[in-house]
Amino acid sequence: MEKTEATTTIDIGESSKERKGKAPLLPNPPPPLVANGKATTGGYKKGVAIFDLILRISAVATAIGAVATMANAEETLPFFTQFFQFQASYDDLPTFTFFVVGMSFVLGYLVLSIPFSIVSIAKPLAKAPRMLLIVSDTIMLVLATSTAAASTAMVYLAHNGNPNANWLAICNQFTDFCQQSSGAVVSAFITVALLIFMIMLSAIALRRI
714 MEKTEATTTI DIGESSKERK GKAPLLPNPP PPLVANGKAT TGGYKKGVAI FDLILRISAV
774 ATAIGAVATM ANAEETLPFF TQFFQFQASY DDLPTFTFFV VGMSFVLGYL VLSIPFSIVS
834 IAKPLAKAPR MLLIVSDTIM LVLATSTAAA STAMVYLAHN GNPNANWLAI CNQFTDFCQQ
894 SSGAVVSAFI TVALLIFMIM LSAIALRRI
């Protein structure tokens, strides 16, 4: 009678040597939360909004300089008696008065627009604050440009006069008055340039939404 030997086989998994060097079997990482490129665009727009806020604060400073300098532009010549003196003041000229009033409106708007610029930083993908800023900035740009351009003509006449119209140059006598009014006009044009840059930034931000 023949005996059959029962054999048992045991499956041994991969040895540690064979598993060495293989990456662990982990689930695939979840895909990044990016929808239509908004994650990248949001960071770009936030940088644009921060730069816009810096330009806006700078424009406030230059507008303050323009209004304060022109509003204090006056000079009295140090000769003749106290009853008969030559005096030059910004309110003697309607153009300079218009300059002070117009730039005051621009200054007030720039101060009020700062919170909207901060909102654009907090919510870079929001369209409404950016649209409001670009429309309002354009209106204030027109006002600032008109006041600065009109005052530039008066400053030119004060420095050079107009022999054809028998208008004499007064800056040879009223030197301080002319320096102050000229400085105010320069500050106004710097404000105009900053407004142009702000409008360009808003247009670029809206285009990439």
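Residues 714 to 922, numbered by this note's numbering, are exactly what the sequence shown covers, in order.
Beta carbons are placed, not taken as given, at the ideal position from N, Cα and C, and that holds for glycine.
Member of Ser830, Thr904, Met853, Asn885 whose CA lies at the smallest distance from the CA of valine 761
For the purposes of this step, residue 761 is taken as residue 48 along the sequence shown, with counting starting at 1. Closest option to valine 761, Cα to Cα, is Ser830.
Reduced DSSP category for alanine 906 - H, G, I as helix; E, B as strand; rest coil:
In the sequence shown, counting from the first residue as 1, residue 906 sits at position 193. Helix.
Applying the criterion that 16 or more other CB atoms from any shown protein chain within 10 Å of the CB defines a buried residue, is alanine 736 buried or exposed?
To locate residue 736, count along the sequence shown from 1; it is residue 23. Any answer about alanine 736 is weak, because its pLDDT of 48 lies below 50 and its placement is not dependable; what the coordinates show is given next. So alanine 736 ends up on the exposed side.
How far does the beta strand (DSSP E) with alanine 801 in it reach, from first residue to last?
Locating residue 801 in the sequence shown gives position 88, counting from the first residue. Its beta strand (DSSP E) spans residues 800-802.
How should proline 842 be labelled, buried or exposed, when 16 other C-beta atoms within 10 angstroms of its C-beta is the threshold for buried?
Here residue 842 refers to the residue found at position 129 of the sequence shown. With 16 or more Cβ atoms within 10 Å of its Cβ, proline 842 is classed as buried.
When the Cα atoms are used, what is the spatial distance from isoleucine 909 to leucine 881?
Along the sequence shown, one-based indexing puts residue 909 at 196. Along the sequence shown, one-based indexing puts residue 881 at 168. Near 35 Å, if we compare the C-alpha coordinates of leucine 881 and isoleucine 909.
Alpha-carbon to alpha-carbon, isoleucine 767 and proline 837:
The count along the sequence shown starts at 1 and reaches residue 837 at position 124. The count along the sequence shown starts at 1 and reaches residue 767 at position 54. Taking the straight line from one Cα to the other gives about 16 Å.
What whole-angstrom Cβ distance do leucine 823 and arginine 769 have, given they're in contact under 8 Å?
For this step, residue 823 is matched to residue 110 along the sequence shown. For this step, residue 769 is matched to residue 56 along the sequence shown. Indeed they touch by this definition, with Cβ atoms about 6 Å apart.
Spatial neighbours of aspartate 850 in its chain, beta-carbon cut-off 6 Å, leaving aside the 5 residues before and after:
As a first step, residue 850 must be located in the sequence shown, where it is residue number 137. Correct list, in chain order: Leu908, Met911, Ile912.
Near threonine 808, which residues of its chain fall below 7 Å by C-beta distance, leaving aside the five closest residues on each side in sequence?
Counting from one through the sequence shown, the residue named residue 808 turns up at place 95. Counting only Cβ-Cβ distances below 7 Å, and skipping sequence neighbours, we find Ala863, Ser864, Met867.
When burial is assigned at 16 or more other CB atoms within 10 Å of the CB, is aspartate 765 buried or exposed?
Residue 765 sits at position 52 when you count from the first residue of the sequence shown. Its Cβ being crowded by 16 or more others within 10 Å, aspartate 765 is buried.
What is the DSSP secondary structure of asparagine 873, counted as helix, strand or coil?
By one-based count along the sequence shown, residue 873 stands at place 160. Asparagine 873 falls in the helix class under three-state DSSP.
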